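Numbering (my numbering), first residue to last: 1 to 246.
We put the CB at the ideal spot given by N, CA and C, even for glycine.
Computed from a predicted structure; not experimentally measured.
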């Protein structure tokens, strides 16, 4: 999330800038590697906030779902791959699963594993009601792999579909189809997807919070990825300018 508080001190200065000018300041700082990095970051934050105000934010394009709709990433989830990696699928194992939001605990459940099922025990509160104990049994299914061994699946208690992830968007853990939950990426606009791809590249090629080359990266690799980053930057500029003109 982009916070307008990060640019409040420079609000008056950048208020006289149009979108194109702000991006030009950013590119200048990137290419010249000057001390304008901080100013460039403020310019980008301001422009992205301006884009949010003008376009309505993520998923605001025509044909996209309402951003108020919960996505699967925003729910508490049980991933069979995580359980297997931790050895929690072995019969007789019991323990707890916990979730965190921004480093703060947001919930936990108790579990115990049997030969063909996973038993869950937790408390749930809906719409401000009192906390109520919930016990749920998840059936485990196994399918043979092509080169030997088997793969374990979680069976949705409602539709009995084999899935890798069950999520809780109410009282019970069910598959995303029963809850009609989309993936976060399904609610993104074209601009959102390009920004996400650009940020992914930034995390690889730049030192955090700067536009300096990451340490240990080969120069030829850096040039190739930086070229991709510049291309994405231009495409985002063009898409934003196009939207703001309409």
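Contact annotation: residue 167 and residue 75 have beta-carbon atoms nearer than 8 Å. Secondary structure remark: continuous beta strand (DSSP E) runs of at least 3 residues inside the segment 80-152, in chain order: 94-101, 104-113, 117-124 and 132-144. Ranked by Cα distance from residue 239, the options 210, 202, 229 and 189 are led by 189.
Annotation note: the segment 164-202 contains the following uninterrupted alpha helix (DSSP H) runs of length 4 or greater, listed N- to C-terminal: 176-179.
Under the three-state reduction of DSSP output, residue 213 falls in the strand class. Assignment of residue 243 by DSSP, reduced to helix, strand and coil, places it in the helix class.
Straight across, the Cα-Cα distance linking residue 178 with residue 131 is about 24 Å. For residue 78, the three-state secondary structure derived from DSSP is strand. The beta carbon of residue 73 lies closer than 8 Å to those of 183 and 184 in the same chain, with the five residues before and after it left out. Contact between the segment 106-113 and the segment 215-228 is absent: fewer than three C-beta pairs spanning the two stretches fall below 8 Å.
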